[in-house]
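What follows is a short report on a single structure.
Numbering (the numbering used here), first residue to last: 1 to 183.
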């Protein structure tokens, strides 16, 4: 699926946007998303050095998933181009509980190192999230969620999503816009 900018957001107007595709798959044991990113140099940033850091400030791909055992709650998994993850859970933007580092260590991350060609940066990131992160042994139904790309502190901030978010300004913490993620 192609991630697209919401052009009603002022931050997305008048810029060249990254091109981002995501391949989503779900088995009984895990969720796997492979992101392929091509972004202009001004959209790229890589400063975060640790898990549970401020991933959204860097060039970052994000997986937000509704909790399969508690639909009022959702998880966010925000992965930088260098593989650092911020992972949290909660009911809204303000009440997030970050996951412990030993839990985050169970999230598999692999990708290609960012490479510069002409005026663009190219990178991939595959994120595999096991069912046990959600406190279950297996996924029994398709998951609801959204996929994102952002870089809040890049020279050119930008905000892309798989499913449109009907808000006045960028806000990925809006589970009311989640949809079923198809394989």
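C-beta atoms are modelled at their ideal positions from N, C-alpha and C, and glycine is treated no differently.
If you keep only unbroken beta strand (DSSP E) runs of at least 3 residues inside the segment 107 to 149, you get 108 to 117, 120 to 130.
When 121, 148, 154 are compared, the shortest CA-CA separation from residue 165 is found for 148. Ranked by Cα distance from residue 153, the options 3, 2, 57, 41 are led by 57.
Taking 7 angstroms as the cut-off, the beta carbon of residue 177 is found closer than this to the beta carbon of residue 163. Within the same chain, 86, 98 come within 6 angstroms of residue 52 by CB-CB distance, once the 5 residues on both sides are set aside.
In the structure shown, residue 11 adopts helical secondary structure according to DSSP, grouped into three states. Just so you know, the alpha carbons of residue 132 and residue 138 end up roughly 8 angstroms apart. Ranked by how close their Cα comes to the Cα of residue 108, the residues 124, 130, 116 have 130 in first place. Excluding its 5 nearest sequence neighbours in each direction, residue 96 has C-beta neighbours in its own chain below 6 angstroms: 88, 90, listed in chain order. The three-state reading of DSSP puts residue 181 in coil, since its state is none of H, G, I, E or B. At the C-beta level, residue 170 and residue 159 come within 7 angstroms of one another. Residue 49 counts as exposed, since fewer than 16 other C-beta atoms from the protein chains shown sit within 10 angstroms of its C-beta. With 16 or more other CB atoms across the displayed protein chains lying within 10 angstroms of its CB, residue 45 is buried.
In this model, residue 78 and residue 114 are separated by some 17 angstroms (Cα to Cα). Scanning the segment 74 to 111 for uninterrupted alpha helix (DSSP H) segments of 4 residues or longer gives 101 to 104, listed from N- to C-terminal end.
Each of 4, 33, 112, 64 was checked against the Cα of residue 128, and the nearest Cα belongs to 33.
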